Amino acid sequence: MSTSSPTSSPDSSPVAGRRTGGAPILLLNAQYLPTSKDWRTADGRADSPFHLGTFVREAQRAEAAGFDALFQADFSGVNRAALRSGPPLQLFESFQAAAVIAGATSRIKVMPTVSTMYAHPSAFARSLASLDRLSEGRAWINVVSSFRPGTAIGVKREVSRSQHHAQAEEFLKVAKELWASWPPEANTPDPVTGHYIREGLIKDVQHQGEFYRQSGPIDMAPYSAAFPFTLQATSSLTGVRLAARTADGVFAGTPTLGAAKELRRILRREAVAAGRPADSVALLPGSYIHVVGTREEAELLLSAERARTQVFGGQLAVEQLRARYPGLRLDGVGPADRIPADLISEDPDKVFEEFGSRYLPLWDLARTEGRKPGRTVGEFAAEVISLSEHARFIGTAEQIGDELRRWYDEGGVDGFQTILGNEFEALCERVIPRFLGKS
Ligand SMILES: Cc1cc2nc3c(=O)[nH]c(=O)nc-3n(C[C@H](O)[C@H](O)[C@H](O)COP(=O)(O)O)c2cc1C
């Protein structure tokens with residue numbers, strides 16, 4: 001392999017690269033998880049999730065289907081409750097798995113996850129630079145600030161939740177400066193002078209910040225001039241503002257199209273406020289895909305779900321609604337009552353600012369379902385409780401492909417992060433080609 005790498009250009013941002021002739025961004029990121037195939041079946045068990053070959057094969061499948069990236073979430077500490085019901089979600093350290101997958105594919109981007117709470121920017125920058133070089137410029141990165149406390153992984157001094165965005169911003173600043181400290185031009189061997197590396201082009205990074213101190217350059221040459229496509233997982237206004245300043249994409253949970261449209265509008269507004277083009281940051285909501293064989297099967301599943309929801313729509317649902325969403329105005333209201341007019345603000349900006357994106361689907365349902373004549377609080381509660389964190393698409397491959405397309409065409413999303421769900425094969429071989437208009 002040569003030491004050289006592509007040089008920087010104004011259009012080298014990964015999002016710009018995805019746009020053709022001014023067309024909108026379209027990004028499709030896939031996640032393959034052990035739970036993507038039902039391990040209770042012999043077929044599912046045969047695909048042992050502990051086997052890297054399973055992931056490699058699915059990455060090749062995703063690449064052939066036209067996915068842009070294969071991403072791998074990562075969590076700090078162990079979720080014991082999840083371990084009691086199925087295979088662990090984490091089987092490989094995500095950078096190592098990404099490197100092996102990169103070696104078995106040729107086009108798809110590989111996207112591991114880094115926690116800005118528990119990683120260090122210089123160690124992170126060298127891992128990412130190494131992955132970028134191993135994959136010849138196919139490293140992308142998913143940035144999280146972690147759900148679980150760091151004590152689970154041995155961190156003594158915890159950064160408070162209120163500071164985690166500030167820490168993430170400084171973390172990315174240092175990592176990006178390190179990335180730029182070793183430009184591709186430095187990797188031009190010159191037999192005349194006898195210098196393999198133009199050491200003088202490698203600049204020291206001097207950083208004294210609130211969370212990190214750095215002196216000196218990155219210790220490994222990145223392959224690409226531009227810092228890799230950066231996805232940030234967030235649900236809050238502070239997080240969206242951070243992404244608008246520092247990221248290329250946002251991974252969020254928006255289970256309804258109305259909620260996705262509002263979050264995308266806010267993200268675009270924040271990008272402009274940060275001095276960037278509105279479409280410089282893509283909204284990629286999580287989506288669970290459940291493919292069934294026929295339209296009748298899909299209708300049966302959906303009506304069984306509706307029936308379950310209606311049975312459930314009593315006091316229990318209202319109590320759960322109160323517990324999960326304490327910001328709703330539900331004082332003195334019972335399941336048979338009409339939905340209060342002041343249940344939630346009618347202004348989605350206010351809702352997002354105060355409560356984050358978790359409440360946007362409630363705002364959406366309150367203004368659509370909640371306005372239907374005779375609707376009760378119990379019915380509304382059951383409907384909200386049955387939503388997942390991420391959008392769920394149930395149907396035949398064609399129905400799902402068309403519905404994903406509708407979300408995209410109506411301006412709710414710039415693409416998807418497909419997560420969990422069964423039938424990865426059907427997703428890759430039938431849903432995505434339909435979505436992309438290839439079948
Ligand atoms: C859609 C989504 C996906 C996330 N994925 C992860 C993950 O894989 N690992 C992790 O440790 N934290 C994950 N997080 C947690 C976030 O990184 C962050 O710590 C949390 O959302 C709180 O920040 P916020 O106020 O900006 O939402 C995720 C959050 C969201 C909203």
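Taking UniProt numbering, the leading residue of the sequence shown gets 1, the next gets one more, and so forth. We treat Cβ as the ideally placed atom computed from N, Cα and C, and that holds for glycine. Computed from a prediction, not measured in an experiment: that's the story for all the values here.
Please list the terminal residues of the continuous alpha helix (DSSP H) segment that includes V318. Unbroken alpha helix (DSSP H) run through V318: Q315 to R324.
If you follow the beta strand (DSSP E) that V333 is part of, which residue opens it and which one closes it? V333 -> no beta strand (DSSP E), and no H or E assigned at all.
Go ahead and pull the three-state DSSP assignment for D190. Residue state, collapsed to three classes: strand.
In chain order, each alpha helix (DSSP H) run of at least 4 residues that lies wholly inside the region 19-58: For the region 19-58, whole alpha helix (DSSP H) runs of length 4 or above, ordered along the chain, are 42-46.
Can you have a look at H51 and say buried or exposed, based on whether 16 or more other CB atoms are within 10 angstroms of its CB? Result: exposed.
I'd like to check one pair, H165 with T238: are the Cβ atoms closer than 8 Å? Yes; because the gap between Cβ atoms is below 8 Å, this pair is in contact.
Between D414 and ligand 1, is the CB less than 7 Å from at least one heavy atom? Taking non-hydrogen atoms of ligand 1 into account, the C-beta of D414 is found less than 7 Å away from none of them.
Sort out for me which residues DSSP pairs M111 with in a bridge. Under DSSP, M111 shares a beta bridge with F71.
Alpha carbon to alpha carbon, how far is C428 from S48? Give it in angstroms, no decimals. So the alpha carbons of these two residues sit roughly 20 Å apart.
Pull the bridge partners of F416 from the DSSP assignment, please. Looking at the DSSP assignment, F416 forms a beta bridge with L28.
Thinking C-alpha only, which one of Q320, R61, D248 and A98 is nearest Q232? Looking at Q320, R61, D248 and A98, the one whose alpha-carbon comes closest to that of Q232 is D248.
Could you tell me if the beta carbon of A73 falls within a distance shorter than 7 Å of some heavy atom in ligand 1? Relative to ligand 1, the nearest heavy atom lies less than 7 Å away from the CB of A73.
Ligand 1 and G356: does any heavy atom of the ligand fall closer than 7 Å to the residue's C-beta? G356 Cβ: within cutoff of ligand 1.
Between A278, R198 and T105, which has its C-alpha nearest residue 440's C-alpha? Look at the range of the chain in this structure, 1 to 439, and you will see that residue 440 is not part of it.
Rounding to the nearest angstrom, what Cα-Cα distance links R18 and E136 in this structure? Confidence at R18 is low in this model, with a pLDDT of 49, below 50, so the placement of that residue is unreliable and no value is reported for it.
Three-state secondary structure assigned by DSSP to H195: Correct three-state label for H195: strand.
Short of 6 Å in beta carbon distance, which residues of its chain neighbour E177, apart from the five on each side in sequence? Order them along the chain. Excluding positions up to five away in sequence, the list reads V205.
The alpha helix (DSSP H) enclosing S287, as first and last residue numbers: That residue, S287, is in no alpha helix (DSSP H); its beta strand (DSSP E) goes A282 to V291.
In this structure, does DSSP put S145 in helix, strand or coil? Coil, per DSSP.
Provide the residue span of the beta strand (DSSP E) that contains residue 443, from first to last. Because residue 443 is not part of the residues shown, which for the chain are 1 to 439, the question remains open.
Neighbourhood of S388 by C-beta, 7 Å cutoff - its chain only, sequence neighbours within 5 removed: P255 and Y288, listed in sequence order.
For E353 and S236, what's the separation of their Cα atoms in angstroms? In a straight line, the C-alpha of E353 is about 7 Å away from that of S236.
DSSP state of R138 mapped onto helix, strand, coil: Coil at R138, not helix or strand.
Which residues bound the beta strand (DSSP E) around G395? For G395, the enclosing beta strand (DSSP E) begins and ends at A391 to G395.
State the Cα-Cα distance for the pair P373 and F393, rounded to the nearest angstrom. As the crow flies, the alpha-carbon of P373 is around 27 Å from that of F393.
Candidates P112, F147 and G66: closest to G77 by CA position: Answer by Cα proximity: F147.
Less than 7 Å separating the Cβ of S94 from some heavy atom of ligand 1? It does not: the Cβ of S94 is nowhere closer than 7 Å to a heavy atom of ligand 1.
Please determine, among S130, S115 and G293, the residue with the shortest C-alpha to C-alpha distance to G103. The candidate whose alpha carbon is nearest that of G103 is S130.
Roughly how many angstroms separate the alpha carbons of R264 and I432, rounded to a whole number? Going by the C-alpha atoms only, they are around 22 Å apart.
Where V384 sits in the DSSP three-state scheme: It is helical.
Evaluate P228 with the Cβ neighbour count: other Cβ atoms within 10 Å of its Cβ, from every protein chain shown; 16 or more gives buried, anything less gives exposed. Answer is buried; the Cβ neighbour count reaches 16.
Use the C-beta contact count for R430: other C-beta atoms within 10 angstroms, 16 or more gives buried, fewer gives exposed. For R430, the number of other beta carbons within 10 angstroms of its own is at least 16, and it is reported as buried.
Span of the beta strand (DSSP E) holding A233? Residues T230 to A233.
Suppose you measure from the CA of G334 to the CA of R157; what does that come to, to the nearest Å? C-alpha separation (whole angstroms): 45 Å.
What does DSSP give as the partner residue(s) for V250 in the beta ladder? BP columns for V250 point to Q232 and L283.
Take L267 and list the residues in its own chain whose beta-carbon comes closer than 8 Å to its own, dropping the five residues that flank it on each side. Correct list, in chain order: V240, A243, A244, V250, V281 and L283.
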